[in-house]
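Chains A and B are the protein sequences, given in the same order.
Under UniProt numbering, the residue at position 56 of the first sequence is numbered 56, and the numbers go up by one with no gaps.
Under UniProt numbering, the residue at position 185 of the second sequence is numbered 185, and the numbers go up by one with no gaps.
Glycine residues also receive a C-beta, built at the ideal position from the N, C-alpha and C atoms.
Predicted, not measured: the structure shown is a model, and the values here were computed from it.
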Amino acid sequence: MGTGSDMYRQQILDHYKNPRNYGELEDPDFTHVGENPSCGDTIKVDIALADDGETIETVAFTGDGCAISMASASMLSERLRGMTVDELDALDTDDVTEMLGVDISPMRIKCAVLGRQVAQDGAKIHRGELDPDADRTRTED
Amino acid sequence: MGVQEQYPFDVEAIRDDFPILERLVGGDPTSPGEDEGDDVDLVYLDNAATSHTPDPVVDAISDYYRSYNSNVHRGIHQLSQEASVAYEEAHDVVADFIGANGREEVIFTKNTTEAMNLVAYAWGLAELGPGDNVVLTQMEHHASLVTWQQIGKKTGAEVRFIEVTDDGRLDMADAEAKIDGDTEMVSAVHVSNTLGTVNPIRELAELVHDHDGLIFADAAQSVPNRPVDVADLDADFLAFSGHKMCGPTGIGALYGRRELLESMGPYLYGGEMIRKVTFEESTWEDLPWKFEAGTPSIAQGIGLAAAIEYLEDVGMERIEEHESLLAEYAYDRLTDLGGVEIYGPPGDERGGLVAFNVDGVHAHDLSSVLNDYGVAIRAGDHCTQPLHDELGVAASVRASFYLYNTVEEVDALVDAVREARDLFA
Numbered sequence: 001m002g003t004g005s006d007m008y009r010q011q012i013l014d015h016y017k018n019p020r021n022y023g024e025l026e027d028p029d030f031t032h033v034g035e036n037p038s039c040g041d042t043i044k045v046d047i048a049l050a051d052d053g054e055t056i057e058t059v060a061f062t063g064d065g066c067a068i069s070m071a072s073a074s075m076l077s078e079r080l081r082g083m084t085v086d087e088l089d090a091l092d093t094d095d096v097t098e099m100l101g102v103d104i105s106p107m108r109i110k111c112a113v114l115g116r117q118v119a120q121d122g123a124k125i126h127r128g129e130l131d132p133d134a135d136r137t138r139t140e141d
Numbered sequence: 001m002g003v004q005e006q007y008p009f010d011v012e013a014i015r016d017d018f019p020i021l022e023r024l025v026g027g028d029p030t031s032p033g034e035d036e037g038d039d040v041d042l043v044y045l046d047n048a049a050t051s052h053t054p055d056p057v058v059d060a061i062s063d064y065y066r067s068y069n070s071n072v073h074r075g076i077h078q079l080s081q082e083a084s085v086a087y088e089e090a091h092d093v094v095a096d097f098i099g100a101n102g103r104e105e106v107i108f109t110k111n112t113t114e115a116m117n118l119v120a121y122a123w124g125l126a127e128l129g130p131g132d133n134v135v136l137t138q139m140e141h142h143a144s145l146v147t148w149q150q151i152g153k154k155t156g157a158e159v160r161f162i163e164v165t166d167d168g169r170l171d172m173a174d175a176e177a178k179i180d181g182d183t184e185m186v187s188a189v190h191v192s193n194t195l196g197t198v199n200p201i202r203e204l205a206e207l208v209h210d211h212d213g214l215i216f217a218d219a220a221q222s223v224p225n226r227p228v229d230v231a232d233l234d235a236d237f238l239a240f241s242g243h244k245m246c247g248p249t250g251i252g253a254l255y256g257r258r259e260l261l262e263s264m265g266p267y268l269y270g271g272e273m274i275r276k277v278t279f280e281e282s283t284w285e286d287l288p289w290k291f292e293a294g295t296p297s298i299a300q301g302i303g304l305a306a307a308i309e310y311l312e313d314v315g316m317e318r319i320e321e322h323e324s325l326l327a328e329y330a331y332d333r334l335t336d337l338g339g340v341e342i343y344g345p346p347g348d349e350r351g352g353l354v355a356f357n358v359d360g361v362h363a364h365d366l367s368s369v370l371n372d373y374g375v376a377i378r379a380g381d382h383c384t385q386p387l388h389d390e391l392g393v394a395a396s397v398r399a400s401f402y403l404y405n406t407v408e409e410v411d412a413l414v415d416a417v418r419e420a421r422d423l424f425a
């Protein structure tokens with residue numbers, strides 16, 4: 001068997017069917033939306049920071065997409081709590097696949113990392129490092 | 001049993017010509033050509049994207065490179081003459097295949113998309129302007145949709161779309177309303193690559209010809225699998241791609257009525273397409289070479305002719321019959337499964353493909369699980385994003401059949417779809 005069935009282990013299916021932190025925050029410090037148009041995957045991430053302006057206090061997301069993108073966003077929403085924005089910025093693709101705990105087939109990596117990219121780009125826009133109009137978040141070619 | 005007995009030809013004998021159908025899959029896809037870890041039978045149902053290449057076609061291409069590889073139209077030496085004759089005669093084979101009046105009406109292009117762009121630029125930029133309109137269908141492939149949309153922006157011509165009915169057919173009342181005295185071109189897909197609908201090109205041709213406009217038939221999904229005759233369709237232009245019909249990639253053909261092609265200026269300039277060049281002026285070669293600038297895809301053109309000869313040996317009517325048999329069988333079995341939404345008209349009225357979604361399973365997840373069972377299908381928007389918007393879905397999966405596919409392969413598809421549905425339930 002290839003990576004397909006392995007990708008849909010219990011944990012992934014559980015997060016897909018029962019996404020954690022699904023919804024919107026009333027007063028987020030920043031909000032960002034990303035989309036992979038060819039998949040139709042869309043994810044919006046809301047993040048509220050602690051008083052230090054650095055530590056992520058609460059995370060919520062909404063979205064529509066495949067099991068990999070939704071489960072990844074759900075797991076990330078749990079993972080991000082307590083992290084600093086710098087730590088969020090440092091998360092790479094390996095961190096995401098490690099978090100998912102399964103081998104992601106090469107064609108599906110873009111699904112797995114969309115949530116992370118949305119959170120990172122949202123933080124960059126919040127810090128004024130990214131132009132929200134010029135740069136649309138997407139993780140596919 | 002039963003369905004196999006209705007095969008119009010010996011499918012197993014056909015499969016012997018396609019060694020790739022024997023391979024296993026399941027290993028590491030980042031190491032192409034290595035079979036380590038491959039352990040499930042390939043069930044290839046992605047023929048609307050690209051078809052496989054039978055040995056006689058591979059041999060024809062290989063024979064060219066091994067025996068008479070040379071540039072065309074310029075050498076006096078024997079190899080160049082042999083290559084020129086084979087390449088030119090490939091145009092004759094295509095012309096005969098689609099009922100064109102000789103090689104002058106057949107231009108080799110890279111693919112259907114390039115053929116569409118050739119007409120859009122060489123004819124459209126010269127002929128279209130504000131007040132004119134180009135009429136497409138809502139089920140156009142991006143090859144036609146994006147091309148005419150952008151030519152419309154350049155010229156000021158309006159681009160209109162004939163609506164699709166709820167059951168996936170072209171709304172002919174809407175066609176009659178949208179095609180009017182200002183319509184210069186109707187560009188319509190013959191067989192929809194998403195809905196499987198077989199569109200009434202001849203009726204559309206009548207409508208637009210009554211208004212002195214032209215019609216371009218995108219035949220990428222029809223020429224490979226059914227008899228297509230440009231005179232029967234009354235098409236002014238028609239295009240298709242070699243790689244969807246047992247030929248190689250990098251070759252396609254544009255049919256154009258001779259007087260239209262003669263009236264059009266070149267699309268690409270350069271070598272091979274000129275007759276006389278000075279520092280100030282150039283004159284153009286005769287048809288079809290006027291539209292084939294630069295060294296063409298010689299081996300691929302010869303391969304396309306070999307593919308046509310292969311398909312004609314089987315018989316286009318019989319290929320159509322076989323595809324319809326599989327499409328109807330797949331339509332019925334997927335419908336019986338439950339929780340499957342199939343797009344387009346009923347099973348007995350469609351080309352050989354079935355696009356669908358399974359309740360609660362994203363198309364890409366479905367495709368990943370099917371891949372695990374060796375089933376290769378397309379997942380995504382199939383280059384018809386606006387049509388998917390109309391259908392209210394971001395993506396779908398599509399199984400598409402060809403002459404070498406079997407009832408057992410459709411069964412493997414249905415079994416894998418059931419597994420995926422249960423996994424996500």
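- Under the criterion of beta carbons closer than 8 Å, LEU326 of chain B and VAL414 of chain B do not qualify as touching, at roughly 12 Å.
- Taking C-beta atoms as the reference points, ARG116 of chain A and LEU91 of chain A count as a pair closer than 9 Å.
- Under the 8 Å Cβ criterion, the region 256-276 of chain B counts as touching the region 123-139 of chain B, having at least three qualifying pairs.
- ARG79 of chain A and VAL369 of chain B have their alpha carbons spaced roughly 27 Å apart.
- Non-local beta-carbon contacts of LEU238 of chain B in its own chain, meaning distances under 6 Å to residues more than five positions away in sequence, involve ALA217, ALA219, VAL230 and TYR255 in chain order.
- Between ILE215 of chain B and ALA253 of chain B, the C-beta gap is not smaller than 9 Å, which leaves the two residues out of contact.
- Under the 10 Å beta carbon count, LEU79 of chain B is surrounded by fewer than 16 other beta carbons and is classified as exposed.
- For the beta strand (DSSP E) assignment, the uninterrupted runs of no fewer than 3 residues enclosed by the region 333-369 of chain B are, from N- to C-terminal side, 340-343 and 353-358.
- Taking C-beta atoms under 8 Å as the contact rule, THR183 of chain B and GLY213 of chain B qualify, at a distance of about 4 Å.
- In this chain, the alpha helix (DSSP H) harbouring THR147 of chain B covers 142-155.
- Pairing ASN371 of chain B with ALA363 of chain B gives a Cβ-Cβ distance that is not under 9 Å.
- Excluding five sequence positions before and after GLN138 of chain B, the CB atoms of its chain that fall closer than 8 Å to its own CB belong to PHE161, ILE162, GLU163, VAL164, PRO386, LEU387 and GLU390, given in chain order.
- The shortest CA-to-CA distance from ASP51 of chain A to any of A:ASP141, A:ASP29 and A:SER77 is the one to A:ASP29.
- Under a 10 Å Cβ-count criterion, ALA90 of chain B is classified as buried, with 16 or more other Cβ atoms of the shown protein chains found around its own Cβ.
- Put simply, of B:HIS209, B:SER67, B:SER192 and B:GLY168 the residue whose alpha carbon is nearest the alpha carbon of HIS141 of chain B is B:SER192.
- Residues HIS15, PRO19 and ARG20 of the same chain have their beta carbon placed closer than 6 Å to that of SER74 of chain A, with the five preceding and five following residues left out of the count.
- Within the region 9-95 of chain B, the runs of alpha helix (DSSP H) at least 4 residues long that lie entirely inside it are, in chain order, 11-15 and 55-63.
- For the set B:LEU207, B:ASN199 and B:THR197, the Cα lying nearest the Cα of ILE179 of chain B is the one of B:LEU207.
- Proximity of the region 2-11 of chain B to the region 40-57 of chain B falls short of the contact definition, fewer than three beta-carbon pairs being nearer than 8 Å.
- From the beta-carbon of MET7 of chain A, the residues of chain B found nearer than 7 Å are SER368.
- Between the region 61-76 of chain A and the region 30-43 of chain A there are three or more C-beta pairs closer than 8 Å, enough to call the two in contact.
- With fewer than 16 other CB atoms across the displayed protein chains lying within 10 angstroms of its CB, PRO37 of chain A is exposed.
- Contact between TYR404 of chain B and VAL11 of chain B holds, with the beta-carbon distance rounding to 7 Å and staying under 8 Å.
- Contact between PRO345 of chain B and THR194 of chain B fails: their C-beta atoms lie close to 12 Å from each other, not under 8 Å.
- Three or more beta-carbon pairs separated by less than 8 Å link the region 282-290 of chain B to the region 92-106 of chain B, which places the two stretches in contact.
- Looking at the DSSP output, ASN36 of chain A shares a beta bridge with A:ASP41.
- Per DSSP, TYR16 of chain A lies in no beta strand (DSSP E); the unbroken alpha helix (DSSP H) holding it starts and ends at 10-17.
- Closest in alpha carbon position to ASN111 of chain B, among B:GLN221, B:ALA13, B:LEU136 and B:ARG23, is B:GLN221.
- Sequence-ordered contacts of the region 132-151 of chain B with chain A are nonexistent [C-beta pairs closer than 8 Å].
- Only those residues of the region 62-75 of chain A whose C-beta falls short of 8 Å from the nearest C-beta of chain B are listed: ASP64, GLY65, CYS66, ALA67 and ILE68.
- Cβ atoms of PHE424 of chain B and ASP365 of chain B come within 8 Å of each other, at about 7 Å.
- Here the C-alpha atom of ASP89 of chain A lies approximately 8 Å from the C-alpha atom of LYS124 of chain A.
- Contacts with chain B at 9 Å (Cβ-Cβ) do not include LYS44 of chain A.
- Rounded to the nearest angstrom, the Cβ distance from ILE342 of chain B to VAL354 of chain B is 6 Å, consistent with a contact under 8 Å.
- ASN69 of chain B and ALA293 of chain B have their C-alpha atoms spaced approximately 19 Å apart.
- Around the beta-carbon of LEU24 of chain B, fewer than 16 other beta-carbon atoms lie within 10 Å, marking it exposed.
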